[in-house]
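Chemist: In UniProt numbering, the protein residues as written are 1 to 176. Even glycine gets a Cβ: it sits at the ideal position worked out from N, Cα and C. Source: prediction; values computed, not measured. Below you'll find the structure I mean.
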Amino acid sequence: MVRKTQKNIQDVWVASRQQDRFYITNKVFSFMLSASLAGVTLSYKPLCHEYQEYYDEKGEEDYTYTIIYWFLFIFYSFQALDELIEMFSVLTKREKGALGLLFEMNYIMGLVLSVFLVVFVFTAAELEERFKPLYNWLFYQVVIFFVAIGAILAISTCFAVIQRRTLRQQKASQIA
């Protein structure tokens, strides 16, 4: 019975890898998610400007939130474009080219930005009530970062356990 289940899962995996529709669906969903996050980030632009003007009037210059939100918007926009390029490269059966490499480098910017956000969120000064949404959106990004780290650890552990079990079964079948 266990072998039948494993065979079915393997068949589904192979079939999904051979048909582009699952990949295209994934890319469309990823594009919509990235574009939505870019749009939400962009919607905070007026509040960032209000925050900056408020501190400029007080004689203090604080561009931190403006810069962070700008980089977040660039990251999510490039991520959405990368998903589109990957989708079209699969549809047209061509390579992504140099532009694809540029968008792949966006992952480095995302990692650096995520680490900076973790440090910033835990060291940021308390904001006035009207500027709290700026902090809350960044806090949400940090929560997503930690959820992603947890998912990576859980998936890596599962793969390690499955790999170890498979190797034991292969050794046992070679001995028998």
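So the candidates are 40, 51, 42 and 9; which of them puts its Cα closest to the Cα of residue 129?
Modeler: Of the candidates 40, 51, 42 and 9, the one whose C-alpha sits nearest the C-alpha of residue 129 is 51.
Chemist: Which residue from 117, 118 and 90 puts its Cα closest to that of residue 22?
Modeler: That would be 90, whose Cα lies nearest to the Cα of residue 22.
Chemist: Within its chain, find whatever has a CB closer than 8 Å to the CB of residue 27; leave out the 5 residues flanking it on each side and keep chain order.
Modeler: So the list reads 83, 84, 86, 87 and 90, once near-sequence residues are dropped.
Chemist: Just to confirm, is the Cβ distance from residue 62 to residue 55 under 8 Å?
Modeler: Yes, the pair counts as a contact, with Cβ atoms nearer than the cut-off.
Chemist: Does residue 13 pass the burial test, meaning 16 or more other C-beta atoms within 10 Å, or should it be called exposed?
Modeler: Flag for residue 13 reads exposed.
Chemist: Three Cβ pairs or more, each shorter than 8 Å: is that satisfied between the stretch 72-79 and the stretch 34-43?
Modeler: Contact holds: three or more Cβ-Cβ distances are below 8 Å.
Chemist: Under 8 Å: do the stretch 117-128 and the stretch 137-152 share three or more Cβ pairs, one atom per stretch?
Modeler: Touching, per the Cβ criterion.
Chemist: If the criterion is Cβ atoms closer than 8 Å, does the pair residue 177 and residue 134 meet it?
Modeler: Since the displayed the chain opens at 1 and closes at 176, residue 177 lies outside it and no answer follows.
Chemist: Please state if the CB of residue 145 and the CB of residue 114 are separated by a distance shorter than 8 Å.
Modeler: Going by C-beta atoms, residue 114 is nearer than 8 Å to residue 145.
Chemist: Would the beta-carbon of residue 167 fall within 8 Å of that of residue 142?
Modeler: Not a contact, by the Cβ cut-off of 8 Å.
Chemist: Taking C-beta to C-beta, are residue 103 and residue 127 nearer than 8 Å?
Modeler: No; because the gap between Cβ atoms is not below 8 Å, this pair is not in contact.
Chemist: Express the C-alpha separation of residue 18 and residue 172 in angstroms, rounding to a whole number.
Modeler: One C-alpha to the other measures close to 31 Å.
Chemist: To the nearest angstrom, how far is it from the Cα of residue 33 to the Cα of residue 111?
Modeler: When rounded, the distance between both Cα atoms is 18 Å.
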